[in-house]
Amino acid sequence: MTITPEVLDDELSLSAAANRLSYLTRKDAEATSRNVVAVLPDEDDAAPPAVWADVHAQDTSLDSEEALELLALGEAISRKAHEHDSAAVLAARRAGADWADIGLALGVDPATAWDQHRDAFDDDELRGERPA
Numbered sequence: 003m004t005i006t007p008e009v010l011d012d013e014l015s016l017s018a019a020a021n022r023l024s025y026l027t028r029k030d031a032e033a034t035s036r037n038v039v040a041v042l043p044d045e046d047d048a049a050p051p052a053v054w055a056d057v058h059a060q061d062t063s064l065d066s067e068e069a070l071e072l073l074a075l076g077e078a079i080s081r082k083a084h085e086h087d088s089a090a091v092l093a094a095r096r097a098g099a100d101w102a103d104i105g106l107a108l109g110v111d112p113a114t115a116w117d118q119h120r121d122a123f124d125d126d127e128l129r130g131e132r133p134a
């Protein structure tokens, strides 16, 4: 079976996808942490810094399918979270939040928040004017 974000989006809720991502991430991290020994060089030691080849050579307990699922889960979760943003913005406006507060919560300026979510509103009064 080919694992894609679209397949996972249809099969898993946001919560289930996040739980599966957490499980696979922990599974991989546990295998990696068992195989890594941290050595801090002395000031006089000229040991080379860790390089990507050192990381690449570490074992993982994930098989290829699980590793690809991990990638697809990240994308599916990102998409689901974005879909929930508009619903949350709508709820915030209904609760009386202004666009400055919404922009702050989203990490963008108020005008950008309005631009990104204006289509979620059927009610022009609830959407309000575009902030300057």
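In the numbering used here, the protein residues as written are 3 to 134. Think of the CB as a built atom: it goes at the ideal place given N, C-alpha and C, for glycine as much as any other residue.
Item                                                                                                                                                         : Value
Would the segment 79-86 and the segment 94-104 be scored as touching if the rule is three or more Cβ pairs under 8 Å?                                        : no
Near L92, what residues of its chain come up, given a Cβ to Cβ distance below 6 Å and the 5 sequence neighbours on each side ignored?                        : A122
Leaving out five residues before and five after L128 in sequence, what residues of the same chain have Cβ atoms less than 6 Å from its Cβ?                   : R95
My understanding is that A19 touches A78, with C-beta atoms under 8 Å, so please give their C-beta distance in whole angstroms.                              : 5 Å
Is D124 helix, strand or coil by DSSP?                                                                                                                       : coil
Alpha carbon to alpha carbon, how far is D12 from L64? Give it in angstroms, no decimals.                                                                    : 23 Å
Leaving out the 5 sequence neighbours to the left and right, which residues in its chain are closer than 8 Å to A74 when beta-carbon positions are compared? : I5, T6, P7, V9 and L10
How would you call A115, buried or exposed, if buried means at least 16 neighbouring beta carbons within 10 angstroms?                                       : buried
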